[in-house]
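Trainee: All residue numbers for the sequence shown refer to this note's numbering, where the first residue is 302 and numbers rise by one.
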Amino acid sequence: MAKGTRATAALARAGVAHDVHAYDYSAEVDSKGLAAAQALGIVPARMFKTLMAWVDKQPVVAVIPSDRRLSLKKLAAHCGGKQAQMMEVPEAEKRSGYKVGGISPFAQQRPAAIVFASCARQHATLYINAGQRGLLLEIAPADAVCFLQATLADICED
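1. Would you identify the three-state DSSP class for T351, choosing helix, strand or coil?
2. Which of the three DSSP states, helix, strand or coil, is assigned to A328?
3. Would a C-beta distance cut-off of 8 Å place A421 and I456 closer than the cut-off?
4. With respect to the alpha helix (DSSP H) encompassing G334, which residues constitute its N-terminal and C-terminal limits?
5. Alpha carbon to alpha carbon, what distance is there between A338 and V330?
6. Please classify Q433 as buried or exposed, where buried requires at least 16 neighbouring CB atoms within 10 angstroms.
7. Excluding the five sequence neighbours on either side, which residues of its own chain have a C-beta within less than 7 Å of the C-beta of G305, listed in chain order?
8. Considering D444, what are the terminal residues of the alpha helix (DSSP H) in which it resides?
9. How about M353 and I404: are their beta carbons less than 8 Å apart?
10. Rounded to a whole number of angstroms, what is the C-alpha to C-alpha distance between R411 and F448?
11. Taking 8 Å as the cut-off, decide whether the C-beta atoms of D444 and A318 are in contact.
12. Quick one: using the 10 Å Cβ neighbour count with 16 as the cut-off for buried, is Q450 buried or exposed?
13. For A454, tell me which candidate among G402, P391, L376 and L438 has the shortest Cα-Cα distance.
14. Is V401 near V390, with beta carbons less than 8 Å apart?
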């Protein structure tokens, strides 16, 4: 397994505090985020997944807990749009520069607006994909939001 990714390198260059955790990735499981949380022994609410979407044909990155579902309606409303839809896998991989199962919001190939679920503030640290399957970043939510110039919003389904 590689020691670093574009995501970890970008955070290191910027001096942003973070830890890197490896786990055994399995493409066979339905919920990769929940499997990663279990592998690391953390509650699923601290394991955040990176989702790629379109809001009125503009790319948006949504970062939400792995045990929650994205509300496309709430995402569109937060972004000032009318309609949101998930990106198809090939487009998500092309835009981010990462493979699905390893998509990170950090150091994506083509920058896009980034929205974190507001519940991220409830935790001292979050676990977010580091840009490689089986590799996670542990980072303070405030540091992640600041570094990414992201917004916080209620974007999860009720």
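Beta carbons are placed, not taken as given, at the ideal position from N, Cα and C, and that holds for glycine. None of these values were measured; they are calculated from a predicted model.
Mentor: The answer reads as follows:
1. In the sequence shown, the residue the question calls residue 351 occupies position 50. Correct three-state label for T351: strand.
2. Residue numbering aside, residue 328 sits at position 27 when the sequence shown is read from its first letter. Correct three-state label for A328: coil.
3. For the purposes of this step, residue 421 is taken as residue 120 along the sequence shown, with counting starting at 1. For the purposes of this step, residue 456 is taken as residue 155 along the sequence shown, with counting starting at 1. Cβ distance not < 8 Å, so A421 and I456 don't count as in contact.
4. The sequence position of residue 334 within the sequence shown is 33, counting from 1. Counting along the chain, the alpha helix (DSSP H) containing G334 begins and ends at K333 to L341.
5. Numbered from 1 along the sequence shown, position 29 holds the residue referred to as residue 330. Numbered from 1 along the sequence shown, position 37 holds the residue referred to as residue 338. Across the structure, V330 and A338 are spaced so that their CA atoms are roughly 13 Å apart.
6. Residue 433 sits at position 132 when you count from the first residue of the sequence shown. Buried, because 16 or more other Cβ atoms sit within 10 Å of the Cβ of Q433.
7. Here residue 305 refers to the residue found at position 4 of the sequence shown. Annotation for G305: no residue places its beta carbon closer than 7 Å to its own, counting only its chain and skipping 5 residues before and after.
8. On the sequence shown, position 143 is the one that residue 444 refers to. Per DSSP, the continuous alpha helix (DSSP H) segment holding D444 begins and ends at P442 to L449.
9. For the purposes of this step, residue 353 is taken as the residue at position 52 of the sequence shown. For the purposes of this step, residue 404 is taken as the residue at position 103 of the sequence shown. Taking 8 Å as the Cβ cut-off, M353 and I404 qualify as a contacting pair.
10. Residue 411 sits at position 110 when you count from the first residue of the sequence shown. Residue 448 sits at position 147 when you count from the first residue of the sequence shown. R411 and F448 have their C-alpha atoms spaced approximately 16 Å apart.
11. Numbered from 1 along the sequence shown, position 143 holds the residue referred to as residue 444. Numbered from 1 along the sequence shown, position 17 holds the residue referred to as residue 318. Going by C-beta atoms, D444 is nearer than 8 Å to A318.
12. Counted from its first residue, the sequence shown places residue 450 at position 149. Looking at its Cβ environment, which holds fewer than 16 other Cβ atoms inside 10 Å, Q450 is exposed.
13. For the purposes of this step, residue 454 is identified with residue 153 of the sequence shown, where counting begins at 1. Of the residues G402, P391, L376 and L438, the one whose Cα lies closest to the Cα of A454 is L376.
14. Within the sequence shown, residue 401 is the residue found at index 100, counting from 1. Within the sequence shown, residue 390 is the residue found at index 89, counting from 1. Between V401 and V390, the C-beta spacing is below 8 Å.
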